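Note that the sequence shown covers residues 1 to 718 in the UniProt record's numbering.
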Amino acid sequence: MAMKNRVATFLSKTRSSKGSVKQPSIDELRTEKEDLEAKLDKLHEECGLYQKNAEDARTARREAEEAAQKAKEALAKAEEEKQAAVEEKIHAIEKMEEAQRIAAEHEEETKKQTEAAELSAAAAREAAEREKRASEAQVAAERLAEEQQAKLEKTEQSRISTEQEMGAKLTQALHARDAAEAERDAAFEDAQRARAACEAADVSAWEARQAQDVANERCREMELVADTKTREAYTATLQKEDALALLADMEQDKVDAENSASLERTAREKAELAMRFAESLSTELAEQVRNLGEEKDGLVASMREMELSLSRAQDELVQAQIRLSESIDAKENAELGLRESERRVEELTVLVQEWRERAEDARSMKEEFERALEKSRDAQYDAQRQAEEHRKAKEKAEAEKRGAERYSQKQEAQAKKDREAVLAAVADKEEAERNARNALDAFDEAQRKWKQGVQPTASPSESQIDALKKSRGFREGAFHVGVAGLTGTGKSSLINALMGVVTGTPEAVPTGNQYTQTVGRYIDARRNYPHIWYDVPGAGTLTAPSWNYFHDQGLFVFDAIMVVWDNRFTDVDIAVLENCVRLKIPAFIIRTKSDVHISNIEERMRDVVEADPTLTNKDRKSRYTVIPFSARAEYISETRSGVERSLHNANLPPMKVYLVSNKTITKIVQGDKNMRNVRVIDEFDLLNDIWALRRATSRAATSIPRMHNMRANTTPLI
């Protein structure tokens, strides 16, 4: 509008001075008018081109926004796929670790069962030798021993064939385990590659987000520039309208110049000024249009770079998905291999278990036969003693008969008495023979019942078991563990440690040297640990038979039994373990206060080193550094060898011995992270084996297996 006012002022001045202006030619004015119209048309075209460029810029901005939105969606999808890949990778690693742990457990269990089978076979051979020596005492017993020896040879042949099959299957299981480990390693490598791909995808996604942010910033700059250019274009349009108005005025001036020559020169000068003004305006508009074109080219180049970045990110995401699918396939192959290995190991475990049961049956039959032979020898001894008495009585009767010739009346009475004594002796001998036959019949009947799996007559009835469970508060789905052992072995402290409770606190089990008269019941308050612990009263001596003691304390109702001891592994512990083996109840042999015993051994070793005059200070210092390790090794070796010897002398299969400290178990259960200076022996193994046994029994779809339906397995599951 200011320009229009200036042009109007200029025209008014021109009109006022038209009398003094020299009149130009009409052709020159017409030519100048056409040139000016051409320049105005060109300016109009440039304005239209600018508007078109602005529209293209807005379209490009919308496309950039759409591309940015797609990039956001792709990034979100990539994040989801990355999260899913990470979860699948973690799940795969957990499955592989679980499969590896199960394979190791099966391997260790197979090894232990093989060792137990070998010891059982050795015991069976020793029993066969004793049986052969005993068979020489009696012809009938010798025949029975020969039959038993034939059965043993058949069992030995079966054992040898089973061992061969077991060796072959062990080799196959080892090969399968090696293949599974190789597949597991490959799966780990694939998982690492997938992790690297995910990290690369993260980097690409980050770069895409950076590019998107740059694109958004440039879009905002483009919007500002476009708004500025739009305002400039509007100003140029106003200037064009002013120029058109000026042209109209010029036409009017030309008409006036035809009427008045004085106005033509003024109009020409006015037209020249307007033309120079229009040229300068056109130059400015051309410069602005050129700048807009350059900015548009820059924006187009930026959009192309963004598209290339997004394309690369999408390609990397596709590659990551391909690698993830490959790692998933490798993981599935590894899982198939592990399942095949587990199946083979389970078959091998079943074969070893069957062979072990046959060996156990043979050992039990030998023990029953030895007891029957002992009874038969006792009966023979009684019969011989009675025959000797009869012989002596007969000799005495003959002597009295010879003297009866002198005393006839007295001799006849005495002879009658002697005949009655002879008849009584004969009757006693016949009674002894009948007793011997009854003993052999009883042995045959016991052997037949043993083969049929009939339990001893002292076994509790189902009603007794149910009543005792009810009185002791048994709960469905819980795991009931009896803790037995002599008084003062730390049973109550062990229960506190297994529950993660510090001894002496209000919620702890009472401890001390007092003699427990009744069975204590303590519920584990931890979540996901449905354990109920029972503190069984200890015993100083075993005056009653082992089965009666076991029966009187009601140990036959528990799902598992812990035999706890401290200084000595006594006959009481052996009696409890014998009944656990007979009733097929899982048992744990636990020696407590291991930290105290190791400290005592260390103190003894230090005294020995200190009293040795041949050692220098340097030697003593070096000896002191190895004393903790030597004491620990000596304690572990002596304890396990002593228990193994006691079990062997009692004809019991080998069992695992857990050497623990109640303080260490408490720290582990409470999740104490300060375990750096804590010496751990078997605490973790004990906790893992208890948990594994509870899980194994809970997966059986029934309650805890009891005496009549539980397979022979005296060693805890590992």
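Don't be surprised by glycine CBs; every beta carbon is placed ideally from N, CA and C. Note that the structure is a prediction, hence the values are computed from the model and not measured.
heavy atom of the ligand HEM below 6 Å from residue i C-beta
{"i": "N617", "result": "The ligand HEM is not among the ligands present in this structure, which contains no ligands whatsoever."}
Helix, strand or coil at residue i [DSSP, three-state]
{"i": "V426", "result": "helix"}
{"i": "A57", "result": "helix"}
{"i": "M96", "result": "helix"}
{"i": "A85", "result": "helix"}
{"i": "Y529", "result": "coil"}
{"i": "V536", "result": "coil"}
{"i": "R343", "result": "helix"}
{"i": "S546", "result": "Residue placement at S546 is poorly supported in this model, since its pLDDT is 45, which falls under 50; the coordinates still yield a value, given next. DSSP places S546 in helix when its eight states are reduced to three."}
{"i": "G504", "result": "coil"}
{"i": "R406", "result": "coil"}
{"i": "R475", "result": "coil"}
{"i": "R363", "result": "helix"}
{"i": "R695", "result": "helix"}
{"i": "R193", "result": "helix"}
{"i": "V563", "result": "strand"}
{"i": "R623", "result": "helix"}
{"i": "R568", "result": "coil"}
{"i": "S20", "result": "Note on S20: pLDDT 47, under 50, position unreliable in the model; the coordinate value appears next. S20: coil per DSSP, three-state reduction."}
{"i": "G453", "result": "In this prediction, G453 has a pLDDT of 41, which is less than 50 and means its spatial position is unreliable; what the coordinates show is noted afterwards. Three-state DSSP puts G453 in coil, outside helix and strand."}
{"i": "M3", "result": "With a pLDDT of only 48 at M3, under 50, the local geometry of the prediction cannot be trusted, and the value read off the model is given with reservation. M3 falls in the helix class under three-state DSSP."}
Where the alpha helix (DSSP H) containing residue i begins and where it ends
{"i": "I585", "result": "Per DSSP, I585 belongs to no alpha helix (DSSP H) and is neither H nor E."}
{"i": "residue 799", "result": "Any question about residue 799 goes unanswered here, given that the chain covers just 1 to 718."}
{"i": "A611", "result": "S594 to A611"}
Proximity below 7 Å, CB of residue i to CB of residue j
{"i": "I627", "j": "E603", "result": "no"}
{"i": "R620", "j": "V609", "result": "yes"}
{"i": "V660", "j": "E638", "result": "no"}
{"i": "F479", "j": "P537", "result": "no"}
{"i": "residue 725", "j": "K491", "result": "As shown, the chain starts at 1 and ends at 718. That puts residue 725 outside it, with no answer to give."}
{"i": "Y658", "j": "H597", "result": "no"}
{"i": "T489", "j": "V563", "result": "no"}
{"i": "V557", "j": "L468", "result": "yes"}
{"i": "T511", "j": "T505", "result": "no"}
{"i": "G482", "j": "Y522", "result": "no"}
{"i": "I665", "j": "A525", "result": "no"}
{"i": "P586", "j": "L652", "result": "no"}
{"i": "Q414", "j": "E400", "result": "yes"}
{"i": "A393", "j": "A427", "result": "no"}
{"i": "S493", "j": "N662", "result": "yes"}
{"i": "M605", "j": "A631", "result": "yes"}
{"i": "R312", "j": "R193", "result": "no"}
Beta strand (DSSP E) segment containing residue i, residue limits
{"i": "A484", "result": "F479 to G485"}
{"i": "G554", "result": "Neither: G554 is in no beta strand (DSSP E) and is coded neither H nor E."}
{"i": "G490", "result": "No beta strand (DSSP E) holds G490; DSSP gives it neither H nor E."}
{"i": "V509", "result": "Element bounds for V509: n/a, residue is neither H nor E."}
{"i": "R521", "result": "G520 to I523"}
Task: Those runs of the alpha helix (DSSP H) which lie wholly inside the region 630 to 682 and span at least 4 residues - done: Runs of alpha helix (DSSP H) with 4 or more residues, each lying fully within the region 630 to 682, are found at 662 to 670, listed in chain order.
Open item on the list: Three Cβ pairs or more, each shorter than 8 Å: is that satisfied between the region 646 to 663 and the region 468 to 479?
Closed with: The region 646 to 663, when compared against the region 468 to 479, does not touch it at the 8 Å Cβ threshold.
Open item on the list: Contact between the region 569 to 584 and the region 685 to 696 is defined here as three or more beta-carbon pairs at a separation below 8 Å; is this criterion met?
Closed with: Because the criterion of three Cβ pairs below 8 Å is not met, the region 569 to 584 and the region 685 to 696 do not touch.
- [ ] Say whether the region 583 to 603 touches the region 564 to 572, bearing in mind that this needs 3 or more beta-carbon pairs closer than 8 Å, one atom from each stretch.
- [x] Cβ pair count under 8 Å is three or more, so yes.
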